Every structure is written in C-alpha cells, then in structure tokens.
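Asks: Numbering of the sequence shown is given in this note's numbering, commencing with residue 6 and proceeding in unit increments.
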Amino acid sequence: ACGWDSSCKVQNNIVCRRAQSNEWNVFYQNCYLSTVSSWKNPSIVYSYQFFDYLHQFDGVELYVAEVSGKIIAGIISLSFGKHTHLWLSGINNENKHMEPIYLLINNMIDYLLPSETVFVDLGVSGRNDNLLFFKRGFGGEKYESIQYETSPNFEELKKKLVRNCSQVNQVL
6 ACGWDSSCKV QNNIVCRRAQ SNEWNVFYQN CYLSTVSSWK NPSIVYSYQF
56 FDYLHQFDGV ELYVAEVSGK IIAGIISLSF GKHTHLWLSG INNENKHMEP
106 IYLLINNMID YLLPSETVFV DLGVSGRNDN LLFFKRGFGG EKYESIQYET
156 SPNFEELKKK LVRNCSQVNQ VL
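Laid out in structure tokens, this is it:
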C-alpha cells in the first residue's frame, strides 16, 4: 500500500500522494474546473473560496495523482472517526485516458482498510448508470441513502460547517 505521507509510484509514471496545503488551488484550477466543464448541466459548482475554507479542517484531505510533477487528478476525503467519505473528485480531462481516479481510489482503500477506518463511502450515485458501474468495480456493499440538496450562500454554509464539525468532534 502507498504511504500517504510520502510519494508512491503506482504505475504508468503516476504518483499518488497527499496534497500539500498550497496545492489545493492547483487541483481546483486544473482538475475540478476541468471536470465541471465536461458536465452537461452541473447542479452546483463550488467556488475556490469554499475549497480554501474547507481544507483547514481536521479530517479533510486532498489526495492527488501526478505525472512528471503535474497534478492530473485528485479526491477530497472527509474522515470522522472510523468513517471516510470520498466526497469530491476531479480530473484534468487531457489525462482522463490514464485513469488516475481508479489508481487513487484503489490506493486510498488499500491505505484506509488496515487503519481504524471501517467504512469507506464512495458517495451518492443518483441515477447515473456509468457512476454506479464505476463504483461497483471497487467491491464492497451497496447502501441506500437519502440525499438532500440545497444551494445556500457561502456564509450560511460556512456557519453550518463550523457548527457541525464542532458537534462531531464533541461526540468523537
């Protein structure tokens, strides 16, 4: 398994690692916005201001795949206690053919399972058959969930995030 505190060469010259604080903007500009641009009708597009705020919290990590020092994909994970949610991924569309998201998820699962993590959540799939097929490829069990979506303003979302994170930390 890949040690996330140092680089780990995976295959095809793709390196998977934990991003540094100053690389969140690189991921946002080169991968997240590239992914969003390929969607027909995005329901929500997060601002970099939200990403910049989010990465300050314990348990929020960005894992990246890079080739020749260039970040080509990434996944933001949210971890609390024994649960890790792979919340958001992005890929530079020019490098999609290299399938770095598969490598990242496989390495993250290999890294998380021997740890204290007992539940790795790949997120809600909705009615997207391609996404369902992709997620089934990693094994595991399917869980039904209820999804609520809102489009709050950033300041209101920030207040709720701070309140919820402090409540979760009190429980843990």
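Ideal Cβ placement from N, Cα and C applies to all residues, glycine included.
This structure is a prediction, so every number in the text was calculated from the model and none was measured.
(1) Looking only at its chain, what residues have a beta carbon closer than 6 Å to the beta carbon of P105, apart from the 5 residues adjacent to it on each side?
(2) For S82, collect the residues of the same chain with a Cβ closer than 6 Å to its Cβ; drop the 5 residues on either side in sequence, then sort them by chain order.
(3) On the CB-based measure, 16 or more other CB atoms within 10 Å of its CB, does G74 come out buried or exposed?
(4) Is C36 near I96, with beta carbons less than 7 Å apart?
(5) Which residue wins for smallest C-alpha separation from N27, given the options Y58, P47 and E99?
(6) Taking the C-alpha atoms as reference points, what is the distance between F85 and N46?
(7) Per DSSP, which residues does F85 bridge with? Please list them.
Replies: Checking against the coordinates, here is how it stands:
(1) I19, A70, I77 and A78
(2) E66, T89 and L91
(3) exposed
(4) yes
(5) Y58
(6) 31 Å
(7) H88
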